[in-house]
DNA sequence: GTCTATAACCGGATAGAC
DNA sequence: GTCTATCCGGTTATAGAC
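Protein chains in written order, with the numbering used here: chain A, 20 to 233; chain B, 20 to 233.
Spelled out as structure tokens, the structure:
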């Protein structure tokens with residue numbers, strides 16, 4: 020039987036504190052000294068757990084963007100109508116980020132993604148956007164969504180997800196995100212017939228597991 | 020009669036290039052050497068035009084956030100219904116950022132706003148968000164907007180504005196923002212009766228000058 | 001696994017010539 | 001107004017003791 024554990028191990032605490040600092044100050048604005056101080060170890064001790072500063076960021080991105088793309092891909096290729104899929108994605112994404120032990124709020128600030136060694140993650144972020152846009156286009160073509168610039172609509176969805184997570188704080192009740200309310204907000208903007216939202220919600224609930232565990 | 024001017028003066032070119040680099044790499048990720056190289060002068064030459072690196076950012080923020088808050092404030096206190104005001108703000112904001120000589124896309128990355136000397140601008144950004152939320156609440160209370168978490172709705176609006184501007188590029192036709200389509204996208208999500216959007220648009224057109232020249 | 005000491009480098013800013 | 005040379009503080013990362 021495992022004992023009641025006290026603190027997460029040092030490696031894990033580095034990831035947690037780093038994610039928090041990176042969300043606030045960005046990659047270049049967060050020093051290894053800052054991270055070490057937050058964890059309570061000396062700065063060089065970081066390099067016992069990670070080969071370099073970038074490796075910390077890479078692991079955080081791995082944890083954040085990989086499951087997101089996998090979940091969305093799984094939703095897209097599976098059964099269901101575009102509206103229900105989009106709804107499920109938004110609910111799933113709000114939930115996933117809220118449940119993460121890390122503070123992955125703004126996908127840790129896009130600024131770090133310009134680093135050459137993070138090109139793979141940048142591609143994944145773009146893929147997530149592409150898939151979201153695909154979902155919107157499908158809905159437009161199937162007559163479920165109003166016609167219009169799908170890129171613009173996708174920016175609304177993506178911007179909403181990033182912003183809401185970035186500024187959510189559990190201290191303030193007003194800022195606790197209700198994933199389903201967030202999803203409904205977006206869907207009302209896209210649906211030709213907003214009255215159908217309840218049925219979309221019902222169908223989305225069945226799709227949700229496909230997003231959460233691809 | 021003024022001659023046909025060639026290049027903007029150096030000071031102006033510094034602001035233009037700095038805004039571009041800051042939008043991509045953030046404050047800490049943009050060095051004075053990067054900016055100087057983009058302008059085509061030596062790094063110390065920057066300090067003839069600006070007292071320090073932060074002064075460049077301050078001037079850019081001044082140009083970006085001050086007119087935005089002034090315009091929105093002017094809209095809020097003036098006549099008109101909340102839906103038309105919100106529509107006018109979104110159209111005005113998309114237009115204002117598109118017309119700016121500077122690349123103020125993500126409000127130059129929020130990361131810089133943590134600097135103590137930029138506290139004033141941070142307050143202005145918060146004020147812009149507060150006023151947007153006020154507009155949404157007014158619409159909810161007057162029965163024009165659906166009820167719900169106004170903070171969440173405001174994050175959708177604010178996130179949309181930042182994201183769309185951040186990723187807009189004149190190269191790709193798909194990514195050229197139509198301000199009115201963007202505003203309609205948001206309004207459809209909030210209006211109890213989406214059918215009234217045409218009337219909202221008409222009333223908003225009259226309000227637009229109030230946002231543009233406070 | 002964590003420490004101290006330190007190397008190697010980079011970034012902002014100044015001095016002073018032209 | 002712009003340059004070269006340079007200072008100095010801060011940052012990542014390594015070496016090696018415990």
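The beta-carbon is built from N, C-alpha and C at its ideal position, and this holds for glycine as well. Quantities reported herein were computed from a predicted structural model and do not represent experimental measurements.
Discussion item. Using a Cβ-Cβ distance cut-off of 8 Å, determine whether residue 163 (chain B) contacts chain A.
Written reply: Taking Cβ atoms only, chain A never reaches closer than 8 Å to residue 163 (chain B), which makes this a no.
Fill in: Between the CA atoms of residue 28 (chain B) and residue 20 (chain B) - distance to the nearest angstrom
With a pLDDT of only 45 at residue 20 (chain B), under 50, the local geometry of the prediction cannot be trusted, and the value read off the model is given with reservation. Using only the alpha carbons, I get a separation of about 19 Å.
Worksheet item: Helix, strand or coil: how does DSSP classify residue 67 (chain B) here?
Response: Of the three classes helix, strand and coil, the one that applies to residue 67 (chain B) here is helix, per DSSP.
Worksheet entry | For residue 32 (chain A), three-class secondary structure by DSSP | For residue 32 (chain A), the secondary structure class from DSSP, reduced to helix, strand or coil, is helix.
Practice prompt. Return yes when the Cβ of residue 123 (chain A) is within less than 8 Å of the Cβ of residue 83 (chain A), no when it is not.
Written response: Closer than 8 Å, so yes.
Worksheet item: How many angstroms separate the CA atom of residue 186 (chain B) from the CA atom of residue 210 (chain A)?
Response: Taking the straight line joining both Cα atoms gives about 24 Å.
Worksheet item: Of all the CB atoms in chain B, is at least one closer than 8 Å to the CB of residue 171 (chain A)?
Response: Residue-level contact by beta carbon holds for residue 171 (chain A) and chain B, with a gap shorter than 8 Å.
Discussion item. To the nearest angstrom, how far is the alpha carbon of residue 133 (chain A) from that of residue 76 (chain A)?
Written reply: So the alpha carbons of these two residues sit roughly 12 Å apart.
Practice prompt. Whole angstroms is fine: what's the gap from residue 174 (chain A)'s alpha carbon to residue 59 (chain B)'s?
Written response: Each residue's Cα considered, the two are about 34 Å apart.
Worksheet item: So is residue 81 (chain A) buried or exposed if we call it buried at 16+ other beta carbons inside 10 Å?
Response: Residue 81 (chain A) should be labelled exposed.
Discussion item. Ignoring anything shorter than 4 residues, give me the alpha helix (DSSP H) runs that lie fully in the region 54-124 of chain B, in order along the chain.
Written reply: The qualifying runs are 65-68, 72-96, 101-118.
Worksheet item: Is residue 123 (chain A) near the ligand FMN, judged by its Cβ being under 7 Å from some heavy atom?
Response: Absence of the ligand FMN is noted for the structure shown, with no ligands found whatsoever.
Fill in: Helix, strand or coil at residue 220 (chain B) according to DSSP, with G and I counted as helix
DSSP, read as helix, strand or coil, puts residue 220 (chain B) in helix.
Discussion item. Rounded to whole angstroms, what is the Cα-Cα separation between residue 94 (chain A) and residue 62 (chain B)?
Written reply: Roughly 51 Å between the two C-alpha positions.
Worksheet entry | Contact set between residue 193 (chain A) and chain B, taken where Cβ atoms lie within less than 9 Å | Those are 168, 169, 170, 171, listed as they occur along chain B.
Worksheet entry | For residue 164 (chain A): DSSP bridge partner residues | As a beta-bridge residue in DSSP terms, residue 164 (chain A) pairs with A:210.
Worksheet entry | Short CB-CB distance (under 8 Å) between residue 44 (chain A) and chain B | Interface criterion met: the Cβ of residue 44 (chain A) is under 8 Å from a Cβ in chain B.
Worksheet item: Under three-state DSSP, which class holds residue 145 (chain B)?
Response: In the three-state scheme derived from DSSP, where H, G and I count as helix and E and B as strand, residue 145 (chain B) is classed as helix.
Discussion item. How far does the alpha helix (DSSP H) with residue 171 (chain B) in it extend, from its first residue to its last?
Written reply: Here the alpha helix (DSSP H) through residue 171 (chain B) covers 169-186.
Worksheet item: To the nearest angstrom, how far is it from the Cα of residue 224 (chain A) to the Cα of residue 167 (chain B)?
Response: Each residue's Cα considered, the two are about 21 Å apart.
Item to complete: Quick one: grab the DSSP three-state call for residue 155 (chain B).
Response: Shown here, residue 155 (chain B) sits in a helix according to DSSP, grouped into three states.
Item to complete: For residue 147 (chain B), decide whether its Cβ has a neighbour in chain A, counting only Cβ atoms nearer than 8 Å.
Response: No, no contact with chain A.
Discussion item. Once the 5 residues before and after residue 222 (chain B) are set aside, which same chain residues still bring their CB inside 6 Å of it?
Written reply: Hits under 6 Å: 103.
Worksheet item: So, does the CB of residue 196 (chain A) fall closer than 8 Å to a CB anywhere in chain B?
Response: Cβ-Cβ to chain B under 8 Å: yes for residue 196 (chain A).
Worksheet item: If we count Cβ pairs, one from each stretch, closer than 8 Å, do we get three or more for the region 105-120 of chain A versus the region 198-213 of chain A?
Response: With three or more CB-CB distances shorter than 8 Å, the region 105-120 of chain A counts as touching the region 198-213 of chain A.
Practice prompt. Give the single residue among A:233, A:229, A:33 whose Cα lies nearest to the Cα of residue 56 (chain A).
Written response: Among A:233, A:229, A:33, the Cα nearest to that of residue 56 (chain A) belongs to A:33.
Worksheet item: Relative to the C-alpha of residue 161 (chain B), which residue among B:52, B:169, B:101 is closest?
Response: Of B:52, B:169, B:101, the smallest CA-CA separation from residue 161 (chain B) is found for B:101.
Worksheet item: Considering only C-alpha positions, which residue in the set A:130, A:213, A:172 is nearest to residue 194 (chain B)?
Response: If you compare the alpha carbons of A:130, A:213, A:172 with that of residue 194 (chain B), the shortest gap goes to A:172.
Worksheet item: So residue 176 (chain B) packs on residue 151 (chain B), CB below 8 Å; how close in whole Å?
Response: So it is a contact: roughly 6 Å between Cβ atoms.
Worksheet item: Helix, strand or coil for residue 44 (chain B) per DSSP?
Response: DSSP places residue 44 (chain B) in helix when its eight states are reduced to three.
Worksheet entry | Residues near residue 51 (chain A) in its chain [Cβ-Cβ closer than 7 Å; skip 5 each side] | Result list for residue 51 (chain A): 62, 65, 72, in chain order.
Worksheet item: Out of A:78, A:218, A:190, which has the shortest C-alpha to C-alpha gap to residue 163 (chain A)?
Response: Nearest of A:78, A:218, A:190 to residue 163 (chain A), Cα basis: A:218.
Fill in: Proximal chain B residues relative to residue 123 (chain A), where beta-carbon distance stays under 7 Å
Against residue 123 (chain A), chain B offers no close residue; the least beta-carbon distance is about 16 Å (beta-carbon pairs closer than 7 Å).
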